[in-house]
Amino acid sequence: MLDFFFRPQSVAIIGASRNPEKLGHAVLSNIINSGFPGRVYPVNPKA
């Protein structure tokens, strides 16, 4: 019932950043480097 929270097929990272000093960069990097098997959608309204 809660599989969509604990086993998502995709995630959107709101505030993703290319700047390594930003939190959005750390979150995006951690998800990618952890081997998340689904689609990752980086979202940044300034990009």
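Each residue of the sequence shown is one higher than the one before, counting from 1 in this note's numbering. Glycine included, C-beta positions come from ideal geometry on N, C-alpha and C. Keep in mind the model is a prediction, meaning the values are calculated, not measured.
Arg39 sits away from Ser17, with the two beta carbons spaced by 9 Å or more.
Following the DSSP letters along the chain, one finds Ser34 in no beta strand (DSSP E), marked with neither H nor E. By the Cβ-count criterion, Leu23 is exposed, with fewer than 16 other Cβ atoms from all chains shown falling within 10 Å of its own Cβ. The distance from the Cβ of Ile14 to that of Ile31 is about 12 Å, inconsistent with a contact at the 8 Å cut-off. For Ala12, the uninterrupted beta strand (DSSP E) run begins and ends at Ser10 to Ile14, by DSSP.
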